[in-house]
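A quick write-up on the structure given underneath.
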Amino acid sequence: MKKREILHPLVIRICHWVHAVCIVLLIFTGFQMRFTEALKMFSFEVSVKVHNFCGFLVLFSFFILGAYYVLTGKFKKVYLPRSEDLKKVPIYANYYFIRYFFGEPHPFTPKPDDKFNSLQKITYFMLMFLLLPLQILTGLFLWDPLTFKEVINFFGGIKVIAAVHLLLAYTFTAFVIAHIYLATLGHTFFSHFKAMILGYED
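What follows is the structure, encoded as C-alpha coordinates:
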(Lines of atoms letter the chains of each structure in order from A and count residues from 1; the text may use other names and numbers.)
(Lines give C-alpha, C1' and ligand atoms only; values in the text may rest on other atoms or scores of the structure.)
Protein backbone atom coordinates (compact mmCIF):
# COMPACT_ATOMS: atom_id res chain seq x y z
CA MET A 1 0.00 0.00 0.00
CA LYS A 2 1.42 3.37 -1.04
CA LYS A 3 2.22 5.64 1.88
CA ARG A 4 0.18 8.83 1.83
CA GLU A 5 2.14 12.07 1.73
CA ILE A 6 0.94 14.77 4.08
CA LEU A 7 0.71 17.95 2.02
CA HIS A 8 -0.64 20.10 4.83
CA PRO A 9 0.48 19.42 8.43
CA LEU A 10 -2.10 19.76 11.20
CA VAL A 11 -0.96 23.23 12.30
CA ILE A 12 -1.36 24.52 8.74
CA ARG A 13 -4.83 23.02 8.40
CA ILE A 14 -5.98 24.51 11.70
CA CYS A 15 -4.64 27.96 10.79
CA HIS A 16 -6.21 27.70 7.34
CA TRP A 17 -9.70 27.00 8.69
CA VAL A 18 -9.35 29.63 11.41
CA HIS A 19 -8.43 32.13 8.68
CA ALA A 20 -11.25 30.90 6.43
CA VAL A 21 -14.00 31.26 9.03
CA CYS A 22 -12.65 34.51 10.46
CA ILE A 23 -12.06 36.19 7.10
CA VAL A 24 -15.61 35.39 5.96
CA LEU A 25 -16.96 36.82 9.23
CA LEU A 26 -14.67 39.84 8.92
CA ILE A 27 -15.99 40.49 5.41
CA PHE A 28 -19.65 40.25 6.45
CA THR A 29 -19.30 42.24 9.67
CA GLY A 30 -17.05 44.78 7.97
CA PHE A 31 -19.57 45.45 5.23
CA GLN A 32 -22.32 45.49 7.87
CA MET A 33 -20.48 48.30 9.68
CA ARG A 34 -19.64 50.14 6.47
CA PHE A 35 -23.08 49.85 4.85
CA THR A 36 -25.31 49.85 7.93
CA GLU A 37 -28.49 50.79 6.08
CA ALA A 38 -28.03 48.25 3.29
CA LEU A 39 -27.16 45.20 5.42
CA LYS A 40 -29.19 44.09 8.42
CA MET A 41 -27.52 40.81 9.42
CA PHE A 42 -26.39 41.89 12.89
CA SER A 43 -26.68 44.94 15.06
CA PHE A 44 -23.83 47.43 14.73
CA GLU A 45 -22.61 46.59 18.25
CA VAL A 46 -22.53 42.84 17.56
CA SER A 47 -20.77 43.43 14.24
CA VAL A 48 -18.05 45.46 15.96
CA LYS A 49 -17.48 42.81 18.65
CA VAL A 50 -17.38 39.91 16.17
CA HIS A 51 -15.16 41.91 13.80
CA ASN A 52 -12.66 42.78 16.52
CA PHE A 53 -12.58 39.23 17.91
CA CYS A 54 -12.02 37.69 14.48
CA GLY A 55 -9.39 40.29 13.64
CA PHE A 56 -7.31 39.45 16.70
CA LEU A 57 -7.81 35.72 16.10
CA VAL A 58 -6.46 36.12 12.56
CA LEU A 59 -3.51 38.08 13.96
CA PHE A 60 -2.74 35.30 16.46
CA SER A 61 -3.14 32.59 13.82
CA PHE A 62 -0.94 34.56 11.43
CA PHE A 63 1.90 34.59 13.99
CA ILE A 64 1.49 30.84 14.56
CA LEU A 65 1.64 30.23 10.81
CA GLY A 66 4.67 32.48 10.38
CA ALA A 67 6.48 30.86 13.31
CA TYR A 68 5.86 27.41 11.85
CA TYR A 69 7.38 28.26 8.48
CA VAL A 70 10.34 30.11 10.00
CA LEU A 71 11.14 27.40 12.58
CA THR A 72 10.82 24.56 10.05
CA GLY A 73 12.84 26.44 7.44
CA LYS A 74 10.12 25.88 4.82
CA PHE A 75 9.15 29.49 4.20
CA LYS A 76 11.63 30.11 1.38
CA LYS A 77 10.78 26.97 -0.57
CA VAL A 78 7.01 26.99 -0.04
CA TYR A 79 6.16 30.69 -0.31
CA LEU A 80 9.05 32.76 -1.67
CA PRO A 81 8.67 33.23 -5.45
CA ARG A 82 11.74 32.80 -7.63
CA SER A 83 12.53 34.22 -11.05
CA GLU A 84 11.48 30.99 -12.77
CA ASP A 85 8.08 31.22 -11.08
CA LEU A 86 7.36 34.45 -12.95
CA LYS A 87 8.14 32.71 -16.25
CA LYS A 88 5.72 29.88 -15.47
CA VAL A 89 2.72 32.05 -14.56
CA PRO A 90 1.30 32.00 -18.15
CA ILE A 91 1.41 28.18 -18.13
CA TYR A 92 -0.81 27.90 -15.07
CA ALA A 93 -3.05 30.81 -16.05
CA ASN A 94 -3.60 29.12 -19.41
CA TYR A 95 -4.50 25.88 -17.63
CA TYR A 96 -7.02 27.45 -15.23
CA PHE A 97 -8.72 29.60 -17.88
CA ILE A 98 -8.59 27.31 -20.93
CA ARG A 99 -6.97 23.87 -20.74
CA TYR A 100 -8.90 22.70 -17.66
CA PHE A 101 -12.18 22.97 -19.59
CA PHE A 102 -10.80 20.61 -22.24
CA GLY A 103 -10.07 17.95 -19.64
CA GLU A 104 -6.28 18.30 -19.76
CA PRO A 105 -4.25 17.20 -16.71
CA HIS A 106 -2.87 19.77 -14.28
CA PRO A 107 0.72 20.70 -15.21
CA PHE A 108 1.81 20.70 -11.55
CA THR A 109 1.92 17.94 -8.94
CA PRO A 110 2.07 19.22 -5.34
CA LYS A 111 4.64 17.79 -2.93
CA PRO A 112 4.98 18.37 0.84
CA ASP A 113 7.82 20.88 0.45
CA ASP A 114 6.75 22.21 -2.94
CA LYS A 115 2.96 22.32 -2.81
CA PHE A 116 2.15 25.52 -4.69
CA ASN A 117 2.52 26.13 -8.40
CA SER A 118 4.06 29.41 -9.56
CA LEU A 119 0.75 31.27 -9.81
CA GLN A 120 -0.33 30.11 -6.35
CA LYS A 121 3.05 30.92 -4.82
CA ILE A 122 3.06 34.50 -6.10
CA THR A 123 -0.58 35.04 -5.14
CA TYR A 124 -0.24 33.59 -1.64
CA PHE A 125 3.01 35.44 -0.99
CA MET A 126 1.42 38.77 -1.89
CA LEU A 127 -1.75 38.07 0.10
CA MET A 128 -0.24 36.48 3.21
CA PHE A 129 2.91 38.53 3.61
CA LEU A 130 2.09 41.88 2.00
CA LEU A 131 -1.65 42.55 1.91
CA LEU A 132 -2.73 40.67 5.05
CA PRO A 133 -0.18 42.44 7.31
CA LEU A 134 -1.30 45.76 5.81
CA GLN A 135 -4.94 44.85 6.45
CA ILE A 136 -4.09 43.88 10.04
CA LEU A 137 -2.22 47.15 10.63
CA THR A 138 -4.98 49.34 9.21
CA GLY A 139 -7.48 47.33 11.25
CA LEU A 140 -5.48 47.98 14.42
CA PHE A 141 -5.35 51.70 13.62
CA LEU A 142 -9.13 51.79 13.18
CA TRP A 143 -9.67 49.71 16.32
CA ASP A 144 -7.86 52.25 18.53
CA PRO A 145 -7.35 55.52 16.61
CA LEU A 146 -6.37 57.48 19.74
CA THR A 147 -3.42 55.24 20.54
CA PHE A 148 -2.26 55.25 16.92
CA LYS A 149 -3.14 58.91 16.28
CA GLU A 150 0.37 60.00 15.27
CA VAL A 151 0.82 57.08 12.88
CA ILE A 152 -2.63 57.68 11.38
CA ASN A 153 -1.87 61.36 10.83
CA PHE A 154 1.49 60.48 9.28
CA PHE A 155 -0.29 58.39 6.63
CA GLY A 156 -2.86 61.06 5.80
CA GLY A 157 -5.57 60.71 8.42
CA ILE A 158 -8.30 58.31 9.43
CA LYS A 159 -10.13 58.56 6.09
CA VAL A 160 -7.05 57.35 4.21
CA ILE A 161 -6.61 54.43 6.63
CA ALA A 162 -10.31 53.52 6.34
CA ALA A 163 -10.15 53.70 2.53
CA VAL A 164 -7.11 51.41 2.38
CA HIS A 165 -8.78 48.98 4.79
CA LEU A 166 -11.95 48.92 2.67
CA LEU A 167 -10.02 48.49 -0.59
CA LEU A 168 -8.15 45.55 0.90
CA ALA A 169 -11.47 44.11 2.12
CA TYR A 170 -12.71 44.12 -1.49
CA THR A 171 -9.46 42.43 -2.54
CA PHE A 172 -9.85 39.66 0.04
CA THR A 173 -13.51 39.22 -0.89
CA ALA A 174 -12.52 38.65 -4.52
CA PHE A 175 -9.76 36.27 -3.41
CA VAL A 176 -12.14 34.19 -1.27
CA ILE A 177 -14.52 33.75 -4.21
CA ALA A 178 -11.68 32.82 -6.59
CA HIS A 179 -10.06 30.56 -3.98
CA ILE A 180 -13.25 28.55 -3.44
CA TYR A 181 -13.73 28.17 -7.19
CA LEU A 182 -10.12 27.10 -7.83
CA ALA A 183 -10.32 24.65 -4.93
CA THR A 184 -12.88 22.68 -6.97
CA LEU A 185 -10.45 22.18 -9.86
CA GLY A 186 -8.55 19.22 -8.41
CA HIS A 187 -8.59 15.75 -9.96
CA THR A 188 -11.95 15.40 -8.20
CA PHE A 189 -14.33 18.14 -7.07
CA PHE A 190 -13.45 17.66 -3.38
CA SER A 191 -9.81 16.53 -3.56
CA HIS A 192 -8.34 19.90 -2.55
CA PHE A 193 -10.91 20.29 0.22
CA LYS A 194 -10.01 16.82 1.48
CA ALA A 195 -6.32 17.73 1.52
CA MET A 196 -7.02 20.74 3.71
CA ILE A 197 -9.15 18.65 6.08
CA LEU A 198 -7.19 15.38 6.28
CA GLY A 199 -3.81 16.62 5.06
CA TYR A 200 -3.52 14.42 1.98
CA GLU A 201 -5.05 13.80 -1.43
CA ASP A 202 -5.74 10.33 -2.81
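Residue 49 is where the sequence shown starts when you use my numbering, and the numbers rise one by one after that.
Backbone N, C-alpha and C fix where the C-beta goes; we use that ideal spot for every residue, glycine too.
Query, Result
"Rounded distance between the beta-carbons of Y172 and Y117, thought under 8 Å", "The pair is not a contact, with the Cβ atoms about 11 Å apart (cut-off 8 Å)."
"Cβ contact check for the region 91–109 and the region 63–71: 3 or more pairs under 8 Å", "yes"
"A68 (DSSP reduced to helix, strand or coil)", "helix"
"Residues bridged to D162 [DSSP beta-bridge criterion]", "K159"
"Beta-carbon proximity of I112 to G247, cut-off 8 Å", "no"
"Own chain partners of F76 with C-beta closer than 7 Å, once the 5 adjacent residues on each side are dropped", "M89"
"Same chain, Cβ closer than 8 Å to P160, five either side skipped, listed in chain order", "E53, I54 and L55"
"Best match in S91, F238 and N142 for proximity to Q80 [C-alpha to C-alpha]", "S91"
"Cβ neighbour criterion (16 or more within 10 Å) applied to T186", "buried"
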